[in-house]
Each structure stands twice: as structure tokens, then as C-alpha cells.
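Beneath this line is the structure, given in C-alpha cells, with notes to follow.
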Amino acid sequence: MGKKRTENYKKHVGQVPGSVIYTGKKTNKKLHIHSFDYTKESIEETVLLNIEDASAYKETSSVTWININGLNYTQEISNIGNQYNLHPLVLEDITHTSQRPKIDEYEDYIFVVLKMLYYDEKEQIVVEQVSFILGKNYVLTFQEAEGDVFDTIRERLRENKGRIRGLKSDYLMYALIDAVVDNYFSVIETLGNKIEDLETELFSGNTREDINIEIQQLKREILKVRRAIFPLREIISRIEKSENSLINKRTITYYRDVYDHLIQVSENIDIYREMIWSLMDMYMTTISNKMNEVMKVLTIIATIFIPLTFIAGIYGMNFEYIPELDYRYSYFILWGIMIVLFVGMLYYFRRKKWL
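So, in C-alpha cells, the structure goes:
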């Protein structure tokens, strides 16, 4: 992951500020532009064939949501930026997928960058950058590739559910951001289940050799999620306090609800982060206990054989005259003493609960 970020930053080294350079890895084979143009009474859903067609929605009285999938099409991104008078630095941030979540306010639009999180088929967390341009009657969203968490918003627009079609573009951006934040809960819940499963396994004592690798992977996932979510609190807080005319005062209440959700998600992340550290401590304790058990058994075995070795050592000395050497039953008596010592010490250790 660190190597990937380094490679992404290298693409911008020495470039002119405002250069539109895609730094991600996801490449759409085809640029996909999907638009919803709606009012309270009607809606028009269109797949735009050319990026130039997007300019027709800029000055309409209706509300328009244009979603662009395919940040690797940098020339088309530049073209739509020219149509909507977007600052070159905004276009640079849109295609720079390692951009930290942020918000910038301009004269006639607001620019927001955040991270969309979800699990892929391999149960690996995917972090995808989503950029929002909020204008007077439009919202532009830019994604790396097709596939997102906005299907519920599309369904609400098509079926005129809720209040989304009766309000302005600022509410549309709220609904999209809220969908991203709601999906954070799903990611957090999956992380929590993984942590609880590992915790149960560690408590059972039947730890696998590679369980420490899983703990480290979970630790990296938590840090990845934390890095994506925590800056979003600052963004929503700025929107709440903003006096920009693009944000209606009625809508601020909804953004405040998103902020509350982010606080809840952040608290869960902090809890799971502490649990991950506890899991690592628990793993090290388990390994130490296993080592202590092994050392205890070895120590007991050595202790048992100390007196036996002492007896055998005495009768193994090369002296000519040793009492009982000529006695007929000396060998059997010696074995009997050793066996009695062995059994007696085992009984003593077990009684002391050392075994």
C-alpha cells in the first residue's frame, strides 16, 4: 500500500500545478456518464454519449445529477471542467486518487472529496475516491470505475420516494454523502465480526500459526478506514457552519445528522482499534503461556531425573571397593529405589498441581 502511494505521488513530481493526471489503478474501458434531471413532477434519466452533452444541464431550472465513471479519461474530465468553469486545481484533485478528503468553496460551486469504502469478493477493503461538485441546480460526481453505493438514491429518484425530488441540489449532495456514510456502518460491522471471531479463537487457546498475520491485516484495515473517515467529520462540520448560498438552511439539519453518524462510526473505529491492540497483547500472552507450559514440563522432567542421575553417578564411579557391589540383589534394589523416587516425585508434582 505504501509503495502504491509513493508511485502515485511520483506521477505529480515536477508537474505544473493543475495538471490533470490520473493516479489510480482502476481503468474503465469506456467512459460512462449517467444523468438524472428532475423536478417534483417529472424525471429524465439519460446515459450521455458525449461529455459535451453534460453542458446542457448547467443552466436548467430543474435539478441535475451527472455521474461520471472513468477518471482515466483525463481529457474528458478536463472538457467537463471547462464547461462548468472548474478550477484547474479542482480537476487535479479529482484525478489524484490519493487525495485526502477535503472541501473547497468557490464562487459558484462547492468541491468535496471523500472516500467510498466497501468489501470486494476477496473480503478485502476497497477505498475508492468520490468527488462532488455542488452547483446551484446540479451535482457532478466523479468516480474511478462503475459500481458504487448510490443505487438506493437512484431508486428514490425514479420512484419519487421521500423528499429528494422536492428539494434542491444541496439536499441531493446530502443524500449521496449519507449513502456513503451509511455504507461505513456495514464496513465497520464486518470489521467488528472479524475481530470478535479472532477474539473467540484466541480465548479458546487453539491459536493457528498464521493468526498474527490476520491480526496485522485487521490492524491495517482499521487504519485504512480511520484515514478515510476521520477527515470527513471536518468536511461536514464546515458545511454545517457554512454561510454559502448553495447550502439551504433547511438542509443543514440533515448534514448535522450525517455528522452524528460519523461521530458514531468514529467511536466504533476507536473501540475496534483498541480491541485490535488487545488481540495482539492476547496473542503474545497466549504464545508466552504455551512456552511456559513447555518449559514447565521440561523442568519437571529434568527435576525428576536429577536424583536418578545422582544415584547412577555414584554407582558408576570407578572405585574398587563400593558397598553393595558384591551383593546379589543390588541391581534390582537400585532399580526399585529409582522407580519409587520417580513415582513419588510425579505424585508430589501432581498434588502441587504443577502437572
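For the sequence shown, this note's numbering assigns the number 28 to the initial residue and increments by one for each residue that follows.
Note that the Cβ used here is the ideal one computed from N, Cα and C, for glycine as well.
Is DSSP giving residue 379 helix, strand or coil here? Three-state DSSP puts residue 379 in coil, outside helix and strand.
Using a Cβ-Cβ cutoff of less than 6 Å, which residues in the same chain neighbour residue 281 once the five nearest sequence positions on both sides are dropped? The beta carbon of residue 281 lies closer than 6 Å to those of 201 in the same chain, with the five residues before and after it left out.
At the level of alpha carbons, what is the spacing between residue 82 and residue 221? Residue 82 and residue 221 have their C-alpha atoms roughly 46 Å apart.
Enumerate in chain order the residues of its own chain whose CB-to-CB distance from residue 118 is below 8 Å, with the five nearest sequence positions on each side excluded. Closer than 8 Å at Cβ, skipping near neighbours: 45, 47, 104, 105 and 108.
According to DSSP, is residue 96 part of a helix, a strand, or is it coil? Secondary structure at residue 96: strand, using DSSP grouped into helix, strand and coil.
Between the region 70-80 and the region 47-62, can you find at least three pairs of beta-carbon atoms closer than 8 Å? Contact between the region 47-62 and the region 70-80 is present, with at least three C-beta pairs closer than 8 Å.
Candidates 100, 350, 314 and 269: which alpha carbon is nearest residue 236's? Distance check between residue 236 and each of 100, 350, 314 and 269 places 314 closest, using alpha-carbon atoms only.
Does the Cβ of residue 121 lie closer than 7 Å to at least one heavy atom of the ligand COA? The ligand COA is absent from the structure shown, which contains no ligand whatsoever.
Does the region 120-137 touch the region 256-275, meaning 3 or more C-beta pairs lie closer than 8 Å? By the criterion of at least three beta-carbon pairs nearer than 8 Å, the region 256-275 is in contact with the region 120-137.
By how many angstroms is the C-alpha of residue 165 removed from the C-alpha of residue 25? There is no way to answer for residue 25, as the model of the chain reaches only from 28 to 382.
Residue 121 and residue 141 - do their beta-carbons sit closer together than 8 Å? If you check the CB distance, residue 141 and residue 121 do not come in under 8 Å.
CB contact flag (residue 338, residue 372, <8 Å): Contact annotation: residue 338 and residue 372 have beta-carbon atoms that are not nearer than 8 Å.
If the criterion is Cβ atoms closer than 8 Å, does the pair residue 242 and residue 279 meet it? A distance of 8 Å or more separates the beta carbons of residue 242 and residue 279.
Quick one: Cα of residue 144 to Cα of residue 95, how far? Going by the C-alpha atoms only, they are around 18 Å apart.
Taking the DSSP output, what are the residues bridged to residue 72? Looking at the DSSP assignment, residue 72 forms a beta bridge with 63.
Please state whether DSSP places residue 132 in a helix, a strand or coil. Residue state for residue 132 is assigned as strand, using DSSP reduced to three classes.
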